[in-house]
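Asks: Numbering follows the numbering used here, in which position 24 of the sequence shown is assigned residue number 34; successive positions increment by one, without gaps. Attaching a single structure in structure tokens format; questions to follow.
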Amino acid sequence: MHRPFISSRSLLLWVLLLLSVGLIADWQRWVPDALIGKAGQEYGKEAASRIKDWQQMMRQAADKEEGEQLRIVNDFFNQNIRFVNDDQHWGEVDYWATPYEALGSNGADCEDYVIAKYYSLRQLGVDTQKLRITYVKALRYNQAHMVLSYFPTADAVPYVLDNLVSSIHPASQRRDLSPVYSFNGEGMWLERLKGEGIRMGNPNKLDLWTNLRIRMNDLGLDL
Numbered sequence: 011m012h013r014p015f016i017s018s019r020s021l022l023l024w025v026l027l028l029l030s031v032g033l034i035a036d037w038q039r040w041v042p043d044a045l046i047g048k049a050g051q052e053y054g055k056e057a058a059s060r061i062k063d064w065q066q067m068m069r070q071a072a073d074k075e076e077g078e079q080l081r082i083v084n085d086f087f088n089q090n091i092r093f094v095n096d097d098q099h100w101g102e103v104d105y106w107a108t109p110y111e112a113l114g115s116n117g118a119d120c121e122d123y124v125i126a127k128y129y130s131l132r133q134l135g136v137d138t139q140k141l142r143i144t145y146v147k148a149l150r151y152n153q154a155h156m157v158l159s160y161f162p163t164a165d166a167v168p169y170v171l172d173n174l175v176s177s178i179h180p181a182s183q184r185r186d187l188s189p190v191y192s193f194n195g196e197g198m199w200l201e202r203l204k205g206e207g208i209r210m211g212n213p214n215k216l217d218l219w220t221n222l223r224i225r226m227n228d229l230g231l232d233l
């Protein structure tokens with residue numbers, strides 16, 4: 011009795027198929043069809059369409075290299091959510107919206123863009139250590155602002171994903187920003203845009219971050 015023979019080419023095709031199925035499964039789990047239906051019920055037809063576009067963007071970005079994922083995610087949120095201050099939109103001085111809330115309500119301020127980009131890139135497989143939610147002072151406007159910093163390597167100058175500037179630039183070229191502190195799901199740092207930074211402690215001590223993660227968990231979107 012002969013054993014079935016599988017050529018190396020066939021084996022490679024099967025591996026690629028399994029990998030592609032896994033990638034698709036990830037974005038489908040994170041932005042499921044049920045979330046589209048929920049948005050339609052809570053916010054209306056246009057909101058459901060925006061959540062569906064988010065799902066499709068995640069599918070499109072899933073098999074891209076990391077630099078292209080940054081561009082796709084950055085462009086998507088910058089172009090698909092209108093900027094609105096928290097007090098106008100939510101009736102609160104400072105409210106950190108989930109990506110679902112920002113897209114559903116079609117309103118976000120700087121931290122909401124950053125949160126949506128951070129969570130989407132994490133779900134696409136970008137390492138937490140490469141991403142920092144970064145508080146800065148926007149010198150041109152003389153006010154507090156938030157951006158997402160991406161570190162290709164631990165000692166590299168980070169790239170800045172920002173809703174004020176559509177393209178992604180190294181922090182060394184963003185002289186209009188003065189860093190204050192940054193954090194991600196693993197820690198907090200002082201002046202992380204300028205170098206290694208000083209480790210400050212646990213980000214879960216930030217009440218707004220903790221409250222956001224609770225709401226993300228309730229939606230099935232926390233990592």
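Glycine included, every Cβ here is placed at the ideal spot set by N, Cα and C. Model, not experiment: these values are computed from the prediction.
Output needed for GLU76: all residues of its chain with C-beta closer than 7 Å, excluding positions within five of it in sequence on either side, in chain order.
Replies: Reading the sequence shown from its first residue, position 66 is the one you call residue 76. VAL136.
Asks: How big is the Cα-Cα spacing for ILE34 and GLU78?
Replies: Translated into the one-based positions of the sequence shown, residue 34 becomes position 24. Translated into the one-based positions of the sequence shown, residue 78 becomes position 68. The predicted model places ILE34 with a pLDDT of 42, which falls under 50 and marks its position as unreliable; any figure quoted below should be read in that light. About 17 Å.
Asks: Where does the unbroken alpha helix (DSSP H) through LEU131 begin, and where does it stop?
Replies: Translated into positions along the sequence shown, residue 131 becomes position 121. Where LEU131 is concerned, the enclosing alpha helix (DSSP H) stretches over 120-133.
Asks: Is it true that the CB of ASP104 sits closer than 8 Å to the CB of LEU233?
Replies: The residue you call residue 233 lines up with position 223 of the sequence shown. The residue you call residue 104 lines up with position 94 of the sequence shown. No, these two residues do not count as a Cβ contact at 8 Å.
Asks: Helix, strand or coil: how does DSSP classify ARG142 here?
Replies: Indexing the sequence shown from 1 puts residue 142 at position 132. If DSSP states are grouped into helix, strand and coil, ARG142 belongs with the strands.
Asks: Relative to the C-alpha of HIS179, which residue among PRO189, SER188, PRO168 is closest?
Replies: If you number the sequence shown from 1, residue 179 lands on position 169. Measuring from the Cα of HIS179, the nearest candidate turns out to be PRO168.
Asks: So, is THR108 buried or exposed, given that buried needs 16 or more other C-beta atoms within 10 angstroms?
Replies: As a working mapping, residue 108 is identified with position 98 in the sequence shown. Buried, since its Cβ has 16 or more Cβ neighbours within 10 Å.
Asks: Could you round the C-beta distance between ALA49 and ILE61 to whole angstroms and report it? I think they count as a contact, below 8 Å.
Replies: The residue labelled residue 49 in the question sits at position 39 within the sequence shown. The residue labelled residue 61 in the question sits at position 51 within the sequence shown. With a Cβ gap of about 4 Å, ALA49 and ILE61 count as contacting.
Asks: So, using beta-carbon positions, are SER192 and ILE143 closer together than 8 Å?
Replies: Here residue 192 is taken as the residue at index 182 of the sequence shown, counted from 1. Here residue 143 is taken as the residue at index 133 of the sequence shown, counted from 1. Yes. Within cutoff.
Asks: In its own chain, which residues sit with a C-beta less than 7 Å from the C-beta of ASN84, not counting the 5 before and 5 after it?
Replies: Reading the sequence shown from its first residue, position 74 is the one you call residue 84. Correct list, in chain order: LYS127, LEU171, ILE178.
Asks: When burial is assigned at 16 or more other CB atoms within 10 Å of the CB, is GLY54 buried or exposed?
Replies: The count along the sequence shown starts at 1 and reaches residue 54 at position 44. It counts as exposed.
Asks: Starting from VAL8, follow the beta strand (DSSP E) in both directions and report where the run begins and ends.
Replies: This structure does not reach residue 8, given that the chain is present from 11 up to 233, and the question cannot be answered.
Asks: Can you check whether the CB of TYR151 is closer than 8 Å to the CB of VAL190?
Replies: Along the sequence shown, read from residue 1 onward, the residue named residue 190 stands at position 180. Along the sequence shown, read from residue 1 onward, the residue named residue 151 stands at position 141. Contact: no.
Asks: Rounded to whole angstroms, how far is the Cβ of ILE91 from the Cβ of ALA112, which I believe are closer than 8 Å?
Replies: Translated into positions along the sequence shown, residue 91 becomes position 81. Translated into positions along the sequence shown, residue 112 becomes position 102. ILE91 to ALA112, Cβ: 5 Å. Contact.
Asks: Considering SER188, what are the terminal residues of the alpha helix (DSSP H) in which it resides?
Replies: Here residue 188 corresponds to residue number 178 of the sequence shown, with the count starting at 1. Counting along the chain, SER188 falls outside any alpha helix (DSSP H), though it belongs to the beta strand (DSSP E) covering 187-193.
Asks: Using the DSSP secondary-structure output, state which residues sit across from ALA148 in a beta bridge.
Replies: Taking the sequence shown and counting its residues from 1, one reaches residue 148 at position 138. Beta-bridge pairing links ALA148 to GLN153, LEU187.
Asks: Please name the residue in ARG185, LEU216, SER188, GLN183 whose C-alpha comes closest to that of MET198.
Replies: Taking the sequence shown and counting its residues from 1, one reaches residue 198 at position 188. Per the Cα distances, LEU216.
Asks: Bridge partners for HIS99 per DSSP, in chain order?
Replies: Translated into positions along the sequence shown, residue 99 becomes position 89. None, per the DSSP bridge assignment.
Asks: Per DSSP, what kind of secondary structure is SER159 in: helix, strand or coil?
Replies: The residue labelled residue 159 in the question sits at position 149 within the sequence shown. Here SER159 sits in strand by DSSP.
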